[in-house]
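Residue numbers (mature numbering (1 follows the signal peptide of the UniProt record, and there is no 0)): -25 to -1, 1 to 420.
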């Protein structure tokens, strides 16, 4: 796990963050991690088609930064995080913001009246000195402090991580939901000769680094035990075998059975991997322990069953099957019992269960393109997230169960995007040959 640890950092900064919010108030607390049996979706007429799937009419808050003493990195990352999460947007009254910034710089403190004149509703004051930082969030209109927090044990080079923590705390204070940026995303990147490698990055696309060195075709990376391992399929030895790798690059074997060893999904609740194997012919779903032992077969049909994903409590598995003549999304018990079809569109694949257990997102092929839909598990009615923007694939939930990362070719290349299911605005975070993203858990959870 990545955590802030003690070491001296000789830097001083002051960040003033101004945020104007819609008068409607903060969203409700995220639902608890419970699952009920998903309901069949019925006919296609039940699909909630959102026209052109335009972003919502939510007026995003305005966000401004006033900083000194080497704080540019922290200020920029916090501002960008809130933009990506659709919690804040750049301020529109640039002259008033500049005036407020100058007053803060001259006085060394936050002038709430100046920020009110700039149309700002919330201000965050922060200061970093040595190995400790403090941050305070104020309601500008009422001049009430909403929170004050100290960040201790900082070390050199962790400015971005500190900024992500501050952004997450702002998100929680203003929305009553967990933040999403104190985490990592893994994905595939294209390399020469048709090969791929696993990379990891922060949710804003920063601090990207290559983790594997397979020099081969690689597929379906996903987060594993304690959010400290990644499981993936590699064709390095001319067979699609399943491997794991730690964040410090230690590679280990999981399954090298004949045929496919692919589409792994780890359950922290039951400490098992679900995956698709074709050792007996067609693709079927199995579970096994982290070391590839105690193999248990869950499906046994003449059709292909693949792409399993656990419910958060480990009691159910969502998967893709063409047992009905075309690929559709099904849910079954963790022992393979009572499979229930939950999709109704023509071609469905790549299901992913949200961390809070209330939603399942998946991909639908329609009209020559691939689009994202999700269903509320308790209701089963598909809600469309994308349309008319190329192929959108490989969705993975953020820890808050309100944001997604996915791949899309809408700009002409394979890029990764971050999207809120509330605003449906897609923000690019990694451009040029990226696919199959998987969002890891929050650090320390």
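A virtual CB, placed ideally from N, CA and C, is assigned to each residue, including glycine.
Check the C-beta distance from residue i over to residue j and give it rounded, since I have them as a contact under 8 Å.
| i | j | result |
| --- | --- | --- |
| residue 371 | residue 327 | 6 Å |
| residue 450 | residue 379 | Shown here, the chain extends from -25 to 420; a query on residue 450 therefore has no answer. |
| residue 320 | residue 336 | Rounded, the Cβ-Cβ distance is 13 Å, inconsistent with contact. |
Go ahead and label residue i buried or exposed: buried means 16 or more other beta carbons lie within 10 angstroms of its beta carbon, across all protein chains shown.
| i | result |
| --- | --- |
| residue 310 | exposed |
| residue 93 | buried |
| residue 67 | exposed |
| residue 2 | Its pLDDT being 34, under 50, residue 2 is placed unreliably by the model, and the measurement read from it follows with that caveat. Looking at its Cβ environment, which holds fewer than 16 other Cβ atoms inside 10 Å, residue 2 is exposed. |
| residue 202 | buried |
| residue -5 | The predicted model places residue -5 with a pLDDT of 31, which falls under 50 and marks its position as unreliable; any figure quoted below should be read in that light. Per the 10 Å Cβ criterion, buried. |
| residue 227 | exposed |
| residue 54 | buried |
| residue 189 | buried |
| residue 131 | exposed |
| residue 325 | buried |
| residue 164 | buried |
| residue 219 | buried |
| residue 334 | buried |
| residue 80 | exposed |
| residue 303 | buried |
| residue 119 | exposed |
| residue 127 | exposed |
| residue 417 | buried |
| residue 96 | buried |
Going by the DSSP bridge assignment, what does residue i pair with across the sheet?
| i | result |
| --- | --- |
| residue 424 | Because the chain spans -25 through 420 in this model, residue 424 falls outside it and cannot be assessed. |
| residue 366 | Residue 366 pairs with nothing; no bridge assigned. |
| residue 403 | 392 |
| residue 334 | 351 |
| residue 326 | Paired residues: none, contrary to the question. |
| residue 205 | 198, 220 |
| residue 357 | 350 |
| residue 339 | 323, 346 |
| residue 210 | According to DSSP, residue 210 bridges with nothing at all. |
Every unbroken beta strand (DSSP E) within the stretch 248 to 310, with a cutoff of 3 residues, ordered by chain: Given a length threshold of 3 residues, each whole run of the beta strand (DSSP E) inside the stretch 248 to 310 is given here in chain order: 259 to 263, 280 to 285, 291 to 296, 303 to 308.
Suppose only complete runs of 4+ residues qualify. What are the alpha helix (DSSP H) ranges in the stretch 106 to 184, listed by chain order? Counting whole runs of 4 or more residues, the stretch 106 to 184 contains the alpha helix (DSSP H) stretches 134 to 150.
Count the CB pairs spanning the stretch 79 to 90 and the stretch 170 to 178 that are closer than 8 Å, and state whether there are at least three. The stretch 79 to 90, when compared against the stretch 170 to 178, does not touch it at the 8 Å Cβ threshold.
The stretch 265 to 282 contacting the stretch 315 to 323, beta-carbon criterion three pairs below 8 Å: No, they do not touch.
Any 3 or more C-beta pairs closer than 8 Å across the stretch 112 to 131 and the stretch 156 to 163: Taking 8 Å as the limit for Cβ pairs, the verdict is that the stretch 156 to 163 does not touch the stretch 112 to 131.
On the three-pair Cβ rule with 8 Å, is the stretch 253 to 265 touching the stretch 230 to 243? The stretch 253 to 265, when compared against the stretch 230 to 243, does touch it at the 8 Å Cβ threshold.
The stretch 255 to 264 contacting the stretch 202 to 216, beta-carbon criterion three pairs below 8 Å: Counting Cβ pairs under 8 Å, fewer than three are found: no touch.
Report yes or no: do the stretch 397 to 413 and the stretch 58 to 65 share at least 3 C-beta pairs separated by less than 8 Å? Between the stretch 397 to 413 and the stretch 58 to 65, the count of C-beta pairs closer than 8 Å reaches three or more; the two stretches touch.
For the 8 Å Cβ check, are there 3 or more pairs between the stretch 406 to 418 and the stretch 378 to 397? Short answer: they touch.
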